[in-house]
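Scroll down for the structure; my scribbles are underneath it.
In my numbering, the protein residues as written are 38 to 176.
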């Protein structure tokens with residue numbers, strides 16, 4: 038992920054545009070993904086500890102922030118759901134907060150937020166909640 042306006046190369050072939058990272062405008066997960074697509078990208082995917090730390094620094098002080106993970110619409114209310122990234126890349130890394138993903142109170146929570154809890158980990162939540170978001174795009 039090469040970050041536009043920054044020199045740190047994190048993952049080849051993908052860039053994160055801070056201007057496209059809408060940390061003040063709150064959107065549902067679906068609206069955020071559509072916004073990212075209008076910019077030629079997707080909600081950010083995370084494939085390493087280094088990428089996760091970078092996104093954390095980019096969103097410091099922000100509330101819960103949507104990233105591009107979702108469980109593909111599977112109705113099962115289990116911890117072993119089939120997670121994927123909207124950019125089609127492999128779901129090969131995760132940073133779930135303790136006890137997550139959990140479909141809290143039996144409510145289906147198919148979308149992923151970062152910055153959850155004291156450790157700024159990931160939380161599954163209902164996609165309709167309005168949160169900040171981070172976009173990335175391939176170049």
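Glycine included, every Cβ here is placed at the ideal spot set by N, Cα and C. Please read these numbers as outputs of a predicted model, since none were measured by experiment.
Alpha-carbon spacing of residue i relative to residue j, whole angstroms
| i | j | result |
| --- | --- | --- |
| residue 135 | residue 76 | 33 Å |
| residue 215 | residue 61 | It is not possible to answer for residue 215, since the shown part of the chain is limited to 38 through 176. |
| residue 99 | residue 152 | 8 Å |
| residue 106 | residue 145 | 14 Å |
| residue 142 | residue 91 | 32 Å |
| residue 86 | residue 119 | 21 Å |
| residue 148 | residue 175 | 22 Å |
Cβ shell of residue i (< 7 Å), same chain only, five flanking positions each side left out
| i | result |
| --- | --- |
| residue 167 | 63, 64, 65 |
| residue 67 | 164 |
Cβ-based neighbour list, residue i, same chain, cut-off 6 Å, excluding 5 preceding and 5 following
| i | result |
| --- | --- |
| residue 163 | 146 |
| residue 160 | 134, 137, 150, 153 |
| residue 123 | 70, 79, 80, 105 |
| residue 73 | 79, 80, 172 |
CA nearest to the CA of residue i, picked from the options
| i | options | result |
| --- | --- | --- |
| residue 171 | 89, 120, 130, 102 | 102 |
| residue 156 | 93, 72, 173, 85 | 93 |
| residue 140 | 68, 108, 169 | 108 |
| residue 96 | 74, 72, 158 | 158 |
Proximal residues to residue i (C-beta, below 8 Å), its chain only, five neighbours per side dropped
| i | result |
| --- | --- |
| residue 89 | 83, 130, 132, 151 |
| residue 121 | 106, 107, 108, 109, 128 |
What are the uninterrupted segments assigned as alpha helix (DSSP H) that are 4 or more residues long and contained completely in the region 57-111, given in chain order?
As far as the region 57-111 is concerned, its whole alpha helix (DSSP H) runs of at least 4 residues are 66-75, 86-95.
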